[in-house]
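Everything in the sequence shown is counted per this note's numbering, starting at 270 for the first residue and increasing by one.
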Amino acid sequence: MTLPSLRESLEAHGLMAKKSFGQHFLLDLNVTRKIVRLGQEGGNSFDGQVVIEVGPGPGGLTRAALESEATYVLAVEKDARFIDLLTELDTAYPGRFGVVEADALKVNEPALLAERGLPPQAHLVSNLPYNVGTPLLIKWLTGPWQPKSLTLMFQLEVALRVVAPVGDDDYGRLGVISQVLCVCEKLMDLPARAFTPPPKVDSAVVRLIPRAERPDARVIHNLETLTAAAFGQRRKMLRASLKALGGETLLAKVGIDPTLRAENISPADFLRLAEAL
């Protein structure tokens, strides 16, 4: 079956992007195919795997994921207006596609997969809505369900924070949590003009691959607490910003100079602090 273009599908259903949902559509299938291809490099193939996509909108990334060797693509869309349009993809890819109307922040991914008889793990691919990108990433990083990989598009400033090295101006809480739990890589930049309607900022695609050794839930919770305190007062020395969490005593336990600031502490050292807390 030959599918209409994404623009034709939008016009046929009388659909436009909704500002309240942070929607900016990527309608160039060459770009969406490149995102899916880059997400699979380095031995991270979707071949024989399940892919979950959040916020598919008109389905540009969805089509690219379905063109891959993934066995099944499950789309999670909050905007009910797009369900009928997306459901049409099942005709072109019978038995390989499903869509559920739900808020990804509240979704129980293992339950969604189990309901369809799919394995409990999946790769995540998404052009994330700008207004919920960071909360969704934190959910997937720190929650009980662990994706096999995450190929995600953010506004550029968020993408830079995810991959920023220690000491960089963009280095902060998001980068520490992301890098402790995953190997993070920025794959490509996308100018605002690539989207319909164009946002006010550029975007970038980041891939995160969970590390083989994952800290337990207690340590992850401690990491969230420590980074919130340390970067919440990032101009203060650690002995002051972490005072309520043990301050100099905690820092001495792991051999970290208490006069340093959060921006000078590597993800590995934040992990050691979280383990010691």
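We treat Cβ as the ideally placed atom computed from N, Cα and C, and that holds for glycine.
On a predicted model such as this, the values are computed, not experimentally measured, just so you know.
- A direct Cα-to-Cα measurement between residue 390 and residue 383 gives close to 10 angstroms.
- Look at residue 294 here: in three-state DSSP terms it is strand.
- When the beta-carbon positions are compared, residue 345 and residue 380 stay at least 8 angstroms from each other.
- For residue 375, there is no enclosing beta strand (DSSP E), as DSSP marks it with neither H nor E.
- With respect to residue 430, residue 441 sits close: the two C-beta atoms are nearer than 8 angstroms.
- Boundaries of the beta strand (DSSP E) around residue 396: 392-396.
- DSSP, reduced to helix, strand and coil, places residue 518 within a helical segment of the structure shown.
- Non-local beta-carbon contacts of residue 528 in its own chain, meaning distances under 6 angstroms to residues more than five positions away in sequence, involve 506 in chain order.
- For residue 342, the enclosing beta strand (DSSP E) covers residues 341-346.
- Taken in chain order, the region 475-545 contains no complete beta strand (DSSP E) segment of 3 residues or longer.
- Annotation: residue 484 to residue 360 spans about 42 angstroms, alpha carbon to alpha carbon.
- Within 10 angstroms of the beta-carbon of residue 311 lie fewer than 16 other beta-carbons, which makes it exposed.
- Annotated as distal: residue 425 and residue 349, with beta-carbon spacing of 8 angstroms or more.
- At the C-beta level, residue 511 and residue 543 stay beyond 8 angstroms of one another.
- Burial state of residue 322 is buried, judged by a 10 Å Cβ sphere holding 16 or more other Cβ atoms.
- Going by beta carbons, residue 329 and residue 298 fall inside the 8 angstroms limit.
- For residue 279, the uninterrupted alpha helix (DSSP H) run begins and ends at 275-281, by DSSP.
- Residue 386 and residue 378 have their alpha carbons spaced roughly 13 angstroms apart.
- Here residue 332 is buried: its Cβ has 16 or more other Cβ atoms, across all protein chains shown, within 10 Å.
- Per DSSP, residue 469 lies in no beta strand (DSSP E) and is assigned neither H nor E.
- Residue state for residue 454 is assigned as strand, using DSSP reduced to three classes.
- Looking at the backbone, the Cα of residue 522 and that of residue 538 are separated by about 12 angstroms.
- In summary, residue 531 is buried, with 16 or more beta-carbon neighbours lying within 10 Å of its beta-carbon over all protein chains present.
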